[in-house]
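Under the working numbering, read the sequence shown as residues 7 to 140, first letter to last. Using N, Cα and C, we set each Cβ at its ideal position, and we do this for glycine too. As the structure is a prediction and not an experimental result, all values here were calculated from the model. Accompanying notes for the structure given below.
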Amino acid sequence: MDAGRRTILIIDDDAFFLKVLSDAFTESGFRVVQASNGKEGVQAFITHQPDAVISDLIMPAMGGVSTCLEIRRLAGNEEPVMVLLTSMFKDAPHEHDEPEMGARVHVSKSTNPVDIVIIVEQLLDRKIHGRSGN
7 MDAGRRTILI IDDDAFFLKV LSDAFTESGF RVVQASNGKE GVQAFITHQP
57 DAVISDLIMP AMGGVSTCLE IRRLAGNEEP VMVLLTSMFK DAPHEHDEPE
107 MGARVHVSKS TNPVDIVIIV EQLLDRKIHG RSGN
């Protein structure tokens with residue numbers, strides 16, 4: 007899968023962060039779909055069927071955990087790479103063996119946006135080559 011064809015859905019109620027992260031993915035050749043809350047994010051997932059979803063943890067209307075769980079349910083066997091983004095911890099990005107709070111990968115919002123792009127690219131490449139990283 008060519009990175010130019012990959013679609014990412016970014017869900018965050020912080021307009022500035024949403025723009026910064028969207029710009030980083032666009033500059034790396036991704037098609038970016040944005041949503042400002044979980045309900046919009048679920049609808050955007052249904053409409054666009056992205057390859058990867060990055061969701062903020064704390065949002066109005068529908069939080070990140072509920073959003074990730076609903077997207078996973080809707081996706082069935084065609085689950086996208088799921089990343090949960092939060093400002094609640096400052097640790098390095100962490101991948102869990104099994105999904106926790108709807109996503110296997112948790113990333114601090116303080117992570118450089120370019121590094122988030124690299125993480126998602128690596129997860130997508132692993133998924134394509136048969137190693138799960140959702």
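Excluding sequence positions up to five before and after residue 37, its CB lies within less than 6 Å of the CB of 13, all in the same chain and listed in chain order. By the C-beta density criterion, residue 18 is buried, having at least 16 other C-beta atoms within 10 angstroms.
The shortest C-alpha to C-alpha distance from residue 53 to any of 21, 128, 15, 87 is the one to 15. Within the same chain, Cβ atoms closer than 7 Å to the Cβ of residue 67 are found at 43, 44, 45, the five residues on either side in sequence being excluded.
By the Cβ test, the stretch 26-35 is not in contact with the stretch 77-87, since fewer than three Cβ pairs between them sit closer than 8 Å. Non-local C-beta neighbours of residue 56 in its own chain, meaning closer than 7 Å and more than five positions away in sequence, comprise 13, 14, 15, 39, 86, ordered along the chain. When DSSP states are grouped into helix, strand and coil, residue 16 belongs to the strand group. Within the same chain, 15, 17, 41, 59, 61, 68, 73, 77 come within 8 Å of residue 47 by CB-CB distance, once the 5 residues on both sides are set aside. In the same chain as residue 123, and ignoring 5 residues on each side of it, the C-beta atoms closer than 7 Å to its own belong to 30, 31, 34, in chain order.
Going by beta carbons, residue 89 and residue 111 fall inside the 8 Å limit.
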